[in-house]
Amino acid sequence: MQTQTMRHRKIYSIIFLFSFLSPSFAQESPQSDSTLLSEPSDLLMLSLSYTSNNMKTKNYEYDRIPALLADLNFFSKYGFIASLNYTNYFKATENTYEAEVQIGYQKTLFTNFTVSSHYARRKFVGDTTYEGLAQKNTLALDFAYNWKFLDLQISNSYLNGKSDNYFLDLDLGISLDFDNVLSKNDFVLFNPTISATFGTDYWVFQNLRPNVEHAVVNYLARHNFKSHQFEYQSIILFVPLVYNIGDIGFMVNWYYSWPSAKLTKLSWRDQSGVLFSVFYTPKI
Amino acid sequence: MRFTKIIGFLIILSFLGLQSLNAQIQSKTKVVQKPLVLKKKITKVKSVPIATKSKTILKSASKQKMNARKQQIKKAVRKSRITRRPIRRR
Numbered sequence: 029m030q031t032q033t034m035r036h037r038k039i040y041s042i043i044f045l046f047s048f049l050s051p052s053f054a055q056e057s058p059q060s061d062s063t064l065l066s067e068p069s070d071l072l073m074l075s076l077s078y079t080s081n082n083m084k085t086k087n088y089e090y091d092r093i094p095a096l097l098a099d100l101n102f103f104s105k106y107g108f109i110a111s112l113n114y115t116n117y118f119k120a121t122e123n124t125y126e127a128e129v130q131i132g133y134q135k136t137l138f139t140n141f142t143v144s145s146h147y148a149r150r151k152f153v154g155d156t157t158y159e160g161l162a163q164k165n166t167l168a169l170d171f172a173y174n175w176k177f178l179d180l181q182i183s184n185s186y187l188n189g190k191s192d193n194y195f196l197d198l199d200l201g202i203s204l205d206f207d208n209v210l211s212k213n214d215f216v217l218f219n220p221t222i223s224a225t226f227g228t229d230y231w232v233f234q235n236l237r238p239n240v241e242h243a244v245v246n247y248l249a250r251h252n253f254k255s256h257q258f259e260y261q262s263i264i265l266f267v268p269l270v271y272n273i274g275d276i277g278f279m280v281n282w283y284y285s286w287p288s289a290k291l292t293k294l295s296w297r298d299q300s301g302v303l304f305s306v307f308y309t310p311k312i
Numbered sequence: 009m010r011f012t013k014i015i016g017f018l019i020i021l022s023f024l025g026l027q028s029l030n031a032q033i034q035s036k037t038k039v040v041q042k043p044l045v046l047k048k049k050i051t052k053v054k055s056v057p058i059a060t061k062s063k064t065i066l067k068s069a070s071k072q073k074m075n076a077r078k079q080q081i082k083k084a085v086r087k088s089r090i091t092r093r094p095i096r097r098r
């Protein structure tokens, strides 16, 4: 009899423990609906893009480098970020692509101030004239502040590769979004952003032999430009327009970049193009 | 023989008695069940506004959930830096 009572007690305690651990098991959850809804959740985003990148440079024999891009981004509810970015330069004479793996963490403080940091490792394969800045490792620290419809961001990044460089990007964006445009489940996002880029210029000389580098430095000096220093480098304008319905989104992004006077002196011209993207955010 | 008759008579009586007793019990339970049925009906009537209320709560909850997801996607689009990807330092 005693053993039976003991057994009953054990069963009751297990049921009680289970109901406490699993709120779905209990008939009435102690949490209110609003508490449950305000809880963040994980987000997975897959995107495929095409860009017509026009790079008007006299140094290269081509001036257009269109590319296909694939991105996989994961945003954890705890603030962790992981992404995989792949770019294929399909117009290159040999198989040319680059891939980057990124891991990071972001934390929102005081509702509209976000601090984020990430590390990225990049691999480039193929025709090196498509490579641009040859970095292998990137370490970044970003501060973003959102005020009403204004987005302000300061991005610091240290790039290590053929040369070591530090960049500072100052962004100012307008974020306008409209919900329920064509259906209850859609939105339109318009987020034009202007970005001023400052950085070291060691990457400009990364592929030059010492004697050529010396000649370029002298040439720039004759035009009152200093070399091997931190300086203003470009102004970039992004104008993305996003339409999202349910788990599917589409984006058209027009961009334009004006290089600094010093980079223009090195026969670099404006960079512009359009980026078409389709992205999918499955429920996980 | 008499003893057997008495036993037989008793068996018949008990059989009849059991039947009547059974009928009585059945009728009693029917009487008892009646208010139970009524109670059930009452609870059903009571549960209608609760169900409507829960439906409204669920509707608003799913709407809130949808809006929260929209906000999350907007943030992800801005954070993913897809827009920046084509711009390269040459």
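Chains A and B supply the protein sequences, listed in that same order. If you count by my numbering, then the first sequence holds residues 29 to 312, one letter each, in order. If you count by my numbering, then the second sequence holds residues 9 to 98, one letter each, in order. Glycine included, C-beta positions come from ideal geometry on N, C-alpha and C. Just so we're clear, the structure is a prediction, and the values are computed from it rather than from any experiment.
Give a yes or no on whether the minimum CB-CB distance between A/L217 and chain B is below 7 Å. The residue given as residue 217 of chain A occupies position 189 in the first sequence. So yes, A/L217 belongs to the interface.
Can you tell me where the beta strand (DSSP E) holding A/P287 begins and where it ends? Counted from its first residue, the first sequence places residue 287 of chain A at position 259. Where A/P287 is concerned, the enclosing beta strand (DSSP E) stretches over 276-287.
Under 9 Å Cβ-Cβ, which residues of chain B neighbour A/F103? Indexing the first sequence from 1 puts residue 103 of chain A at position 75. Q80, K83, A84, K87, S88, listed in chain order.
First and last residue of the uninterrupted alpha helix (DSSP H) at A/Y247: If you number the first sequence from 1, residue 247 of chain A lands on position 219. That run of the alpha helix (DSSP H) goes 238-250.
I want to verify the contact list: residues of chain B whose CB lies under 8 Å from the CB of A/Q257, in sequence order. As a position in the first sequence, residue 257 of chain A is number 229, starting the count at 1. Near A/Q257 there are no residues of chain B at all, since even the closest Cβ is about 16 Å away, more than 8 Å.
Could you compute how far the alpha carbon of A/N82 sits from the alpha carbon of A/P94? Taking the first residue of the first sequence as position 1, residue 82 of chain A is located at position 54. Taking the first residue of the first sequence as position 1, residue 94 of chain A is located at position 66. A/N82 and A/P94 have their C-alpha atoms spaced approximately 8 Å apart.
Which residues in the same chain as A/S183 place their Cβ atom closer than 6 Å to its Cβ, once the five residues preceding and following it in sequence are excluded? Taking the first sequence and counting its residues from 1, the one referred to as residue 183 of chain A is at position 155. If we look at A/S183 and ignore the five residues flanking it on each side, its Cβ neighbours are D170, D197.
Just verifying my parser: in three-state terms, what is the DSSP assignment at B/Q72? As a first step, residue 72 of chain B must be located in the second sequence, where it is residue number 64. If DSSP states are grouped into helix, strand and coil, B/Q72 belongs with the helices.
For A/D214 and B/K78, the rounded distance between their alpha carbons: Start at 1 with the first residue of the second sequence, and residue 78 of chain B comes out as number 70. Start at 1 with the first residue of the first sequence, and residue 214 of chain A comes out as number 186. B/K78 and A/D214: Cα-Cα distance of roughly 8 Å.
Have a look at A/V209 and A/Y260 and give me their C-alpha separation to the nearest angstrom. Taking the first sequence and counting its residues from 1, the one referred to as residue 209 of chain A is at position 181. Taking the first sequence and counting its residues from 1, the one referred to as residue 260 of chain A is at position 232. In a straight line, the C-alpha of A/V209 is about 41 Å away from that of A/Y260.
A/P156 by DSSP, collapsed to three states: which one? To locate residue 156 of chain A, count along the first sequence from 1; it is residue 128. Note that residue 156 of chain A corresponds to Thr in the displayed sequence, not to Pro. It is helical.
Can you say whether B/I65 is buried or exposed, counting buried as having 16 or more other CB atoms within 10 angstroms of its CB? Here residue 65 of chain B refers to the residue found at position 57 when the second sequence is read from its first residue. With fewer than 16 other Cβ atoms within 10 Å, it is exposed.
Report the rounded CA-to-CA distance for A/V245 versus A/L291, giving the unit in angstroms. One-based indexing of the first sequence puts residue 245 of chain A at position 217. One-based indexing of the first sequence puts residue 291 of chain A at position 263. In this model, A/V245 and A/L291 are separated by some 12 Å (Cα to Cα).
Pairwise C-alpha distance: A/P220 and A/F103: Position 75 of the first sequence, counting from 1, holds the residue named residue 103 of chain A. Position 192 of the first sequence, counting from 1, holds the residue named residue 220 of chain A. Their backbone Cα atoms lie some 23 Å apart in a straight line.
Residues of its chain near A/T228, where Cβ-Cβ distance is below 6 Å and the 5 sequence neighbours each way are ignored: Locating residue 228 of chain A in the first sequence gives position 200, counting from the first residue. So the list reads N193, Y194, F258, once near-sequence residues are dropped.
Evaluate A/S144 with the Cβ neighbour count: other Cβ atoms within 10 Å of its Cβ, from every protein chain shown; 16 or more gives buried, anything less gives exposed. Numbered from 1 along the first sequence, position 116 holds the residue referred to as residue 144 of chain A. Buried: at least 16 other Cβ atoms inside 10 Å.
So, does the CB of B/V39 fall closer than 7 Å to a CB anywhere in chain A? The residue you call residue 39 of chain B lines up with position 31 of the second sequence. For B/V39, the pLDDT reaches just 49, beneath the cut-off of 50, and the residue's location in the model is therefore unreliable, leaving the point undetermined.
Hey, how far is the Cα of B/R93 from the Cα of A/H242? On the second sequence, residue 93 of chain B is found 85 positions in, with the first residue counted as 1. On the first sequence, residue 242 of chain A is found 214 positions in, with the first residue counted as 1. Cα to Cα, B/R93 sits roughly 32 Å from A/H242.
Does DSSP classify B/G16 as helix, strand or coil? Working through the second sequence from its first residue, we reach residue 16 of chain B at position 8. B/G16: helix per DSSP, three-state reduction.
Could you tell me which chain B residues have their CB closer than 8 Å to the CB of A/W231, listed as they occur along the chain? Residue mapping note: residue 231 of chain A aligns to position 203 of the first sequence, counting from 1. Identification of chain B residues near A/W231 by a Cβ-Cβ cut-off of 8 Å yields R97, ordered along the chain.
Member of A/F141, A/T136, A/E126, A/K135 whose CA lies at the smallest distance from the CA of A/R149: The count along the first sequence starts at 1 and reaches residue 149 of chain A at position 121. Here the closest residue by C-alpha is A/E126.
If you run the structure through DSSP and keep just helix, strand and coil, what is A/Y230? Walking along the first sequence from the start, residue 230 of chain A turns up at place 202. Residue state for A/Y230 is assigned as helix, using DSSP reduced to three classes.
If we count the other Cβ atoms within 10 Å of its Cβ and call it buried at 16 or more, is A/L204 buried or exposed? For this step, residue 204 of chain A is matched to residue 176 along the first sequence. Exposed.
Under a CB-based cut-off of 7 Å, is A/I312 close to chain B? Sequence index remark: in the first sequence, residue 312 of chain A carries index 284 (1-based). At a cut-off of 7 Å between beta-carbon atoms, A/I312 makes no contact with chain B.
Report the CB separation of A/S191 from A/Q234 in whole angstroms; it is logged as a contact under 8 Å. By one-based count along the first sequence, residue 191 of chain A stands at place 163. By one-based count along the first sequence, residue 234 of chain A stands at place 206. Rounded to whole angstroms, the Cβ separation of A/S191 and A/Q234 is 5 Å, and the two are in contact under 8 Å.
From the beta carbon of B/P94, is the nearest beta carbon of chain A less than 7 Å away? Position 86 of the second sequence holds residue 94 of chain B. Look at B/P94: its C-beta is under 7 Å from a C-beta on chain A.
So the candidates are A/Y117, A/T139, A/A120, A/Y147; which of them puts its Cα closest to the Cα of A/I131? Translated into the one-based positions of the first sequence, residue 131 of chain A becomes position 103. Residue nearest to A/I131 within the set A/Y117, A/T139, A/A120, A/Y147 is A/Y147 (criterion: CA-CA distance).
Near A/G274, which residues of its chain fall below 6 Å by C-beta distance, leaving aside the five closest residues on each side in sequence? In the first sequence, counting from the first residue as 1, residue 274 of chain A sits at position 246. N213, listed in sequence order.
Closer than 7 Å at the beta carbon, the chain B residues around A/S191: Residue mapping note: residue 191 of chain A aligns to position 163 of the first sequence, counting from 1. Taking a Cβ-Cβ threshold of 7 Å, none of the residues of chain B is close to A/S191; the smallest such distance is about 11 Å.
In angstroms, rounded to a whole number, what distance separates the CA positions of A/V302 and B/I58? Within the first sequence, residue 302 of chain A is the residue found at index 274, counting from 1. Within the second sequence, residue 58 of chain B is the residue found at index 50, counting from 1. Whole-angstrom Cα-Cα distance: 54 Å.
Any idea which residues DSSP pairs A/Q130 with across the strands? Mapped onto the first sequence, residue 130 of chain A falls at position 102. Answer is A/S111, A/A148.
CA-CA distance, A/G160 and B/S68? Walking along the first sequence from the start, residue 160 of chain A turns up at place 132. Walking along the second sequence from the start, residue 68 of chain B turns up at place 60. So the two alpha carbons sit approximately 51 Å from each other.
Let me check understanding here. Comparing Cα to Cα, which of A/I263, A/F141, A/A162 lies closest to A/K176? Indexing the first sequence from 1 puts residue 176 of chain A at position 148. If you compare the alpha carbons of A/I263, A/F141, A/A162 with that of A/K176, the shortest gap goes to A/F141.
For chain B, is any of its Cβ atoms less than 7 Å away from the one on A/V270? Counting from one through the first sequence, the residue named residue 270 of chain A turns up at place 242. At least one chain B Cβ lies under 7 Å of A/V270.
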